Amino acid sequence: MNAIVKTGLSAAAVSALLLSGLPATAETIFLSTQARPIEEAEAMRNEVLGQYDGEVDYIPQEDGPFLNRILAEAEAGKVSVGLLGALHGNFPVLASADALEPIDDVLSGLGDRKLIGTFVELGKLGTGKQHYVPWMQASYVMAANRQALQYLPEGADVMALTYDQLAQWAANVSAATGERKLGFPAGRKGLMHRFFQGYLYPSFTDSVVTEYRSDKAVAMWASFKEMWKHVNPRSTSYDFMQEPLMADEVWIAFDHTARLMDAFNRRPDDFIAFPAPAGPEGRGFMPVVAGLAIPANAPDRAAAVKLIDYMTRPETQIETLKAIGFFPAVEMDLPDDLPRGVQIAGAAVSAQAASADANPSLLPVGLGDKGREFNKVFLDTFQLIVIRGADIDKTLDRQAGNLRKLMEETGAPCWAPDEPSSGACPVK
Amino acid sequence: MITERTLPYWLLAPSLIFLLLLFAYPFADAFFIAFRAEGQWTLENFRTMIEDINFGLSFWNTLLLVLIVVPLQLAIALTMAMMLTKIRAGRDLVLYVWTIPLGISDLAAGVVWLALLSERGYINTILSSLGILDGPALWLSYETPVALFIAVVLAETWRATAIVMVILVAGVQLIPKEYNEAAEIFGASAWKRFTKVTLPLLKPSLQTALILRTLLAFEVFAVVVALGGRDLPVLMGEAFLWQFDYRDNGVASAYAVLTLVISIAFTVLYLRVLRVKEEAQ
Amino acid sequence: MSGIYVEQVRKVFGNFEALKSVSLDVQPEEFTVLLGPSGCGKTTLLRIIAGLETETSGTLKIGDRQVNGVPPRGRNIAMVFQNYAVFPHLTIFENIAFGLRMKKMLNSEIEPRVKKAAGMMHIEHLLERYSGQLSGGQRQRVAVARALAMEPEVLLMDEPLSNLDALLRLEMRAELKGLLAQSRTTTIYVTHDQVEAMSLADRIAVMHGGHIIQYDRPIEVYQNPANEFCGGFIGNPPMNFLETNRENGHCKVAGARLPAPRAGSERVTLGIRPEDVVVTDQTAPEHLTGQVTVVEPLGPHNLLTLSVDQQLFRVTTAADSPIRSGQEVHLALAPGRLRWFDSENGQALH
Amino acid sequence: MADITPDSLKDERSFLDRILPRWNVWQWLFVTVCVILCLWVLLPIYLLVLSAFSPRDAVFAWPKAFLPTDISTDTIAFFFGVRGVLSAFLNSVLVAALTMIISIGLGAPAGYALARFRFRGKDSFRLMIVMTRAFPIAILALPLTVTFIKLGLYDTVFGVALVHSALALPFAVLISSSLFMGIPFELEEAAWTMGCTRAQAFWRVVMPIATPGLAAAAIFAFVISWNEVFAATILTLQQPTLTAFLLTTLSESPLYFRFAGGFFLVVPALIFIFAVRKYLFSMWGIANR
């Protein structure tokens, strides 16, 4: 009878020997949370990394598995990933788990190009060491179908809208077409929390944390809830606004430039891009910064450094812009043979940055692995007030409590547009 | 030495050890995390879980989903199983068609039903061509929770009825034909024969099908996310968010432990309600 | 060929004692039948001899080898199962050759042996078929051929004919008798059909409640049953039994005075087979009187059912006998055929 | 006897009568329900394939076209071009094949034990096997990844196959035990009396009869592994299975790509189940009652 037991085990043993996984060649594994959609990933591999004189395997990963993998490799002490590419928000989790290699030396090695100062500073994550080298940047802008322009309220300049005009515009559209054509990316993978942190709050309260439950905030939520009456209810499942735009479900949308690029490239004559609207405290907007970092005790540090140098070269920055719609993190002037989509988005981003009432805010720093819970506070507030129609004051009180607990736990200092604070950023 | 008495244990050993190695350690680790925070034993994670704004909704949604989908699937699967015994020509083909969903991953099922039910989807096309609708109508949004719930029930029923049917088809086969014929001779109507002969004898299969399907139903996730996004929170969806989005595997494990406890409760319930006496095997 | 020696074998299933210390010795080449009602332990005994069941206690020998604990394959036996157990995934040829292949015999040896066994059972034309395509009778023949092909020391058969229809059973019985006599293999045959036992057995072991009551030649068991059960179980219609009470050396029942047996307690039972009773009209002290209740013309003879001393009593008479139901008759008992049993334990008395 | 003339032989029934079988109301109802149930399964899949093969903007079109009017394979073609799809496809096949071998190799003996023996702890074992599915694999992610990295099983086809086998094992055990129950024990006993050891009897008699059923159980394990998404994603890096590859690239790709991905997932599974449809009946018990 033990013949059966033997065969069962031997089958497992044989396959263990046979298929213990193909040995990884000497290529650098470039793990990234950016350019995940299939066309963009292919563009990264062929156009951007095509000319790199070295073996690189570009693997896009969702944030969850990305962080899970690096933390697991760090904990197990066997690191296979060569280079990391991610948004500013992903790095604090890795930094607080000491999974990142300090790369101040790499930064000094890139002397021949001018990396944008504020982004280099961001790369320190509020500590003395350089955790990531700025890789590329983007921002959030608004996009609109040309058919919607006819419903613009009197005297409204689309390139310098206010939130009230946006609300009025949306109302006109739904009155005219009977459908609610304003859209926001409030789906599971949407970037709605950035809209509140970088756009709505700074525009209405000139703050993100301290004024979280001030009266201005109450007025803000009230007006936003009013506007939401003209927003397409499917917004709570929109992740990439380019899709509903191309499906004509939505005519006016807010999203990350890279998540609108497909629409601009595919139908450049149907869509326009324009800066985010302004509120009483100015035109709040926030940059999206992506960086390159080397995992602690990475297999081949030299190769990683070589790849960082390659990625931050001006010509590669331009290829990246063309391929995935992210703008250079290096101070350079853009050539004019760029694809139509990039030109459309680029104009809106620079108009937004150069606007008179510009009120730029930075990305949160020092939140450690609580970054996502920080976003959850804003999303929960939105869910309760706008979707479930809860009382604004009570909700803000409760959520302010969570925010305060979060700030004390992480001890994160305030960041623009809040006034700098010595200890943890206070929540009034 | 392998003797007559110990032989069964030798045969079970390989699969038992395999499961222990692969499941026991991570399971203990995850279970352990649920009850610890900052280094000491606490129910902190459970408290955060319960206080979360989505907890109540996700709990009731999951429970309701299970209580509707599982019985519905059982009914459909039972009808299919019974019909299969009657079909002669093309029986293999019909069985093949009905077991196709077994091969469909919930990823693909989510995509398919999204295409069907989205406001510019196929069902709306049919409805508007029939004149019921005059344009694209919205089913999958928080404003129409009932429609969204029905959409998820439809998708889940489509995806996971096959597993129940296969178990029941096997169960029906194991019942010797003579019992049914005997009952027929005693003048039992088709319905009577079904309730008095087939169903009681099908109890063991019903029990297995119910337990298995309920366990999997509590882990429903991919289809709900594909159709409902954030609008229909479910336990596993929240666990996934806490694990991967909010990076707090303590609360994630708490959700998992809760799911486990409910699943065990349902299993015990089935074992008691559908108790199959040894002799009546 | 070797005999089979069973000494005080007991078998307990949980708290049910299936076999209560049974002993049996089967001579080489002898055809022994284990006969008894279902649940009397006959199949359990057979399975213990085959090694499919392990005995709780007792010793078991095949030839001069003790085989306790030896697995079936080591006992050089062959067995025919009640449901034939013909392998559905093998052709009939392979079924019959199965045992020989396990003995690692060469094809050149296997081929003739299979053909010979198939010939004996008249199934040469079925060798390439599968059991699914065969009738019950054919499958049964394959099972027997398969066992014979192995030319075992001992052949065990578990009610092989019980699943066949009456006519086929009769035919198979005759064939089996001829075959087994010819092959002269020591055989143990289990059945609940006493006709089969009488026709096939060299010796019959009548079993009841886990005991072997009697182990003797068929005619012995038929004519001198060891107890009431044996008498009643064998013979169709069964032996008649009449309660009698003893009076100074004689037993009186239904008007008859008969010489009482020497041994036994106060009350004794008289046993007589229906064919050993003659209906007469003379009266005599040793004649019984009874009232005929039913007359059944069965073709070769008539079966009379009478009420004697308010007890059921059957007599066979010639097919053309004039006796009608309701008639009062006198019954003469064939002298040598009278048997006495102790009313308490049913044991035979001499 | 009326003489049989050609026209008396002519069939008077109308054309329709002749093709439609003469069924009573119940039979008509039976057939319609049967057809509806078949459509209920097939229609969504047809639409998936249709969307996968229609041009990109057809996916956003309103109203949707039901008939395959304009077919374009550029989404599908693009898929083949993407680096990694083919190797992911191969990985999926390898993992699924391994899962089949391991889950049947370990599951069949356990199934045999459950079918043939009555022993203490039998029911608790059967329940325990099923209950392993109660704990969601998503939550075992981190500890599992760390262990696998330490054991060197990380990012290997065999590593993923181990986890998939753990998922498929409960089904393998349940299916094989009901399979063996369908095989009369007397066949084994007959083999013993004909010179077989217990193991020889198992391999020469029980296995050949159970093979079709086990083949179906193996395909069932294959499908479970083929469709598993989560463990495959977190445990692989350069060796993703097709589902893991699709999950990472598709969840954010435009809708038309998700249909192509869905197509790639669905078609192989359909083919496998078709290959084994005859055995589906014997998967859970021999039908020769």
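In the order they appear, the protein sequences are chains P, R, B and L. So the first sequence is numbered by the numbering used here: it starts at 1 and just counts up by one. So the second sequence is numbered by the numbering used here: it starts at 429 and just counts up by one. So the third sequence is numbered by the numbering used here: it starts at 710 and just counts up by one. So the fourth sequence is numbered by the numbering used here: it starts at 1060 and just counts up by one. Cβ atoms here follow ideal geometry from the backbone N, Cα and C, with glycine treated the same way. Please read these numbers as outputs of a predicted model, since none were measured by experiment.
Quick check on DSSP: helix, strand or coil for residue i?
| i | result |
| --- | --- |
| Leu1294(L) | helix |
| Leu566(R) | coil |
| Trp1121(L) | coil |
| Ala11(P) | For Ala11(P), the predicted structure reports a pLDDT of 47, less than 50, and the residue's modelled location is therefore unreliable. The matter cannot be settled from this model. |
| Gly282(P) | strand |
| Asn724(B) | coil |
| Trp135(P) | strand |
| Thr490(R) | helix |
| Pro23(P) | With a pLDDT of 43 at Pro23(P), under the threshold of 50, the modelled position of this residue cannot be trusted; read the value that follows with caution. If DSSP states are grouped into helix, strand and coil, Pro23(P) belongs with coil. |
| Leu1058(B) | strand |
| Arg1048(B) | strand |
| Glu42(P) | helix |
| Ile714(R) | Given a span of 429 to 709 for chain R in the structure shown, any question on residue 714(R) remains unanswerable. |
Out of the options, which has the shortest C-alpha to C-alpha gap to residue i?
| i | options | result |
| --- | --- | --- |
| Lys48(P) | Cys425(P), Asp105(P), Lys322(P) | Just to set this straight, residue 48(P) is Val in the shown sequence, not Lys. Out of Cys425(P), Asp105(P), Lys322(P), Lys322(P) has the C-alpha closest to the C-alpha of Val48(P). |
| Ile1198(L) | Ala441(R), Arg519(R), Phe672(R), Arg621(R) | Phe672(R) |
| Val853(B) | Leu836(B), Ala883(B), Glu837(B), Ile805(B) | Ile805(B) |
| Arg658(R) | Ala186(P), Val349(P), Ser203(P) | Ala186(P) |
| Phe1239(L) | Asn1150(L), Ala1249(L), Thr1270(L) | Thr1270(L) |
| Gly368(P) | Leu67(P), Gly279(P), Ala170(P) | Leu67(P) |
| Met44(P) | Ile392(P), Phe326(P), Ala348(P) | Phe326(P) |
| Leu1193(L) | Leu566(R), Arg703(R), Ile690(R) | Strictly speaking, residue 1193(L) in this sequence is Ala, with Leu absent from that position. Out of Leu566(R), Arg703(R), Ile690(R), Ile690(R) has the C-alpha closest to the C-alpha of Ala1193(L). |
| Gly563(R) | Ala144(P), Gly178(P), Thr236(P) | Gly178(P) |
| Ala565(R) | Glu547(R), Gly678(R), Ile551(R), Ala579(R) | Glu547(R) |
| Leu545(R) | Gly366(P), Leu260(P), Arg234(P) | Arg234(P) |
| Val540(R) | Phe1331(L), Arg1317(L), Phe1279(L), Phe1125(L) | Arg1317(L) |
| Phe487(R) | Leu697(R), Gly665(R), Phe463(R), Arg641(R) | Gly665(R) |
| Ala590(R) | Leu660(R), Gly531(R), Ala441(R) | Gly531(R) |
| Thr765(B) | Lys824(B), Arg719(B), Met814(B) | Arg719(B) |
Return yes when the Cβ of residue j is within less than 8 Å of the Cβ of residue i, no when it is not.
| i | j | result |
| --- | --- | --- |
| Thr900(B) | Glu738(B) | no |
| Leu1294(L) | Val1219(L) | yes |
| Gly1035(B) | Leu1015(B) | no |
| Pro426(P) | Thr257(P) | no |
| Val988(B) | Leu1040(B) | yes |
| Leu83(P) | Leu396(P) | no |
| Val330(P) | Leu122(P) | no |
| Ala794(B) | Ala1231(L) | no |
| Pro134(P) | Gly371(P) | no |
| Ala963(B) | Val1017(B) | yes |
| Phe1022(B) | Val977(B) | no |
| Asn1011(B) | Thr992(B) | no |
| Gly760(B) | Ser711(B) | no |
| Glu55(P) | Ala26(P) | yes |
What are the partner residues of residue i, as DSSP defines its beta bridges?
| i | result |
| --- | --- |
| Asp255(P) | Val141(P) |
| Ala1027(B) | His1010(B) |
Q | contact_flag[the segment 1246-1261 of chain L, the segment 780-787 of chain B] where n(CB pairs < 8 Å) is 3 or more | A | The segment 1246-1261 of chain L is in contact with the segment 780-787 of chain B.
Q) Within the chosen definition, does the segment 385-394 of chain P reach the segment 192-210 of chain P through at least 3 CB pairs nearer than 8 Å? A) By the Cβ test, the segment 385-394 of chain P is not in contact with the segment 192-210 of chain P, since fewer than three Cβ pairs between them sit closer than 8 Å.
Q | Touch test, the segment 646-665 of chain R against the segment 565-572 of chain R, Cβ-Cβ under 8 Å, three pairs minimum | A | Touching, yes.
Q. For the segment 345-356 of chain P against the segment 139-154 of chain P, are there 3 or more C-beta pairs whose distance is under 8 Å?
A. For the pair of segments examined, the segment 345-356 of chain P was found to touch the segment 139-154 of chain P: the number of CB pairs separated by less than 8 Å reaches three.
Q. Between the segment 676-685 of chain R and the segment 720-730 of chain B, do three or more beta carbon pairs fall short of 8 Å?
A. Contact between the segment 676-685 of chain R and the segment 720-730 of chain B is absent, because fewer than three Cβ pairs lie under 8 Å.
Q. Does the segment 159-170 of chain P touch the segment 636-648 of chain R, meaning 3 or more C-beta pairs lie closer than 8 Å?
A. Because the criterion of three Cβ pairs below 8 Å is not met, the segment 636-648 of chain R and the segment 159-170 of chain P do not touch.
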